[in-house]
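What follows is a short report on a single structure.
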Amino acid sequence: MENEFEDRLIPATSVASGVGKELLTDLYCFPIQVVNMYFYGHPGDKWTIIDAGMPRSADKIIEAAENRYGKDAKPEAIILTHGHFDHVGAIVELLEKWPVPVYAHKEELPYLTGKESYPEPDSSVDGGLVAKMSPMFPNHSINISEYVKPLPDDQSVPGMEGWEWIPTPGHTKGHVSLFREEDRSLIAGDAFVTVKQESLYNVMTQKQEISGPPRYLTTDWKAAKESVIKLNELGPLLAATGHGIPMSGDFLAQELQKLVDNFDTIAVPEQGRYT
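Sequential numbering from 1 applies to the sequence shown in UniProt numbering.
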């Protein structure tokens, strides 16, 4: 099993990279360059990985996990919100370290079993330098067919008792978000983000602002809008997003409602291949 992303070094990072933060006693955010991945589970207890970071980041992920859960700790599973390169960049190396089940929506499986590539990034969208750089981002599939399984039909999340997965397509066909009703915590993936991901300056400084999914890799804006409306209706109190600093409380509620009310101007590019 080879990682075809391993030779890709993306020349962008943020001030938050490598600085983990406990959002809840059982939810830990670990930023890697321009993307967030998460550990679920209390220290000393069973734990699960959500998304798998950037290429060449496996050593940092393993170190962060060992610091939180111990040297010999092994995750229950890896849950993927979707299969874009910045969410599965280190997964091959992680599976070599921890051969555990990987779960994703069935619509994502072709991109995780070597059968289909994602549409090419759209550098024609407006928004900033990262969008212009996007043609260098890999869009080909990986093959982890030995490990990957579809998420359960009952919308439970393996290794994450009390959570449910919610279909939130738009950014990709099989994108999912994770929600826990008990405390209304949301792991949103890239259904919406809290940084203008197209802007290199905003990404580097992590300037916090609500935004739709990254424009250069989003192919269905109608579905993306419907997904944001669906997540807003859940009334989340915490949103742990794939990009940007997590949001919570009244600020999250206000910003998410603003995104719903103004999605076509905030999120949708003025021009682009998929608009």
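Here a beta-carbon is modelled for each residue, glycine too, at the ideal position from N, C-alpha and C.
**OP:** Please report how far the alpha carbon of T168 lies from the alpha carbon of A224, in whole angstroms.
**Re:** In this structure, the CA atom of T168 is about 7 Å from the CA atom of A224.
Original post:
Secondary structure at S227, three-state DSSP: helix, strand or coil?
Top reply: DSSP places S227 in helix when its eight states are reduced to three.
**OP:** May I ask you to list the residues that DSSP assigns as paired with N143?
**Re:** Paired residues: T113.
Subject >> Near the ligand SAH: F263 beta-carbon under 6 Å from a heavy atom >> reply: In the structure on display, the ligand SAH does not appear, and there are no ligands present to speak of.
Original post:
Any idea what DSSP makes of K106, helix, strand or coil?
Top reply: K106 sits in a helix when the DSSP states are folded into three classes.
Subject >> Residue interval of the alpha helix (DSSP H) (run including I266) >> reply: Secondary structure note for I266: its alpha helix (DSSP H) is the uninterrupted segment F263 to I266.
Original post:
Near K21, what residues of its chain come up, given a Cβ to Cβ distance below 6 Å and the 5 sequence neighbours on each side ignored?
Top reply: Correct list, in chain order: C29.
Subject >> Limits of the alpha helix (DSSP H) - the one that R215 falls within >> reply: In the DSSP assignment, R215 falls outside any alpha helix (DSSP H), carrying neither H nor E.
Subject >> Candidates H105, D51, N143 and G44: closest to A73 by CA position >> reply: For the residues H105, D51, N143 and G44, the minimum Cα distance to A73 belongs to G44.
Original post:
Roughly how many angstroms lie between the CA atoms of I32 and L80, to the nearest whole one?
Top reply: CA-CA distance, I32 to L80, rounds to 16 Å.
Original post:
Do the stretch 53-66 and the stretch 142-156 make contact, defined as three or more Cβ pairs closer than 8 Å?
Top reply: With fewer than three CB-CB distances shorter than 8 Å, the stretch 53-66 does not count as touching the stretch 142-156.
Original post:
Which first and last residues belong to the beta strand (DSSP E) in which I32 is found?
Top reply: If you look at I32, you'll find it in the beta strand (DSSP E) that goes L27 to I32.
Subject >> 7 Å Cβ shell around L23 - same chain, five flanking residues per side excluded >> reply: For L23, where only same-chain residues beyond five positions count, the Cβ hits under 7 Å are C29, L238, A240 and P246.
**OP:** Have a look at A90 and E116 and give me their C-alpha separation to the nearest angstrom.
**Re:** The alpha-carbon atoms of A90 and E116 are separated by roughly 19 Å.
Original post:
In three-state terms, what does DSSP make of A77?
Top reply: It is coil, neither helix nor strand.
Original post:
Would DSSP call E270 helix, strand or coil?
Top reply: E270 falls in the coil class under three-state DSSP.
Subject >> Buried versus exposed, by CB contacts within 10 Å (16 or more), V19 >> reply: Per the 10 Å Cβ criterion, exposed.
Subject >> Inter-residue CB distance, D153 and H175 (contact presumed, cutoff 8 Å) >> reply: That belief does not hold up - the Cβ atoms of D153 and H175 are roughly 17 Å apart, past 8 Å.
Original post:
Considering Y38, what are the terminal residues of the beta strand (DSSP E) in which it resides?
Top reply: Per DSSP, Y38 belongs to the beta strand (DSSP E) from V35 to Y40.
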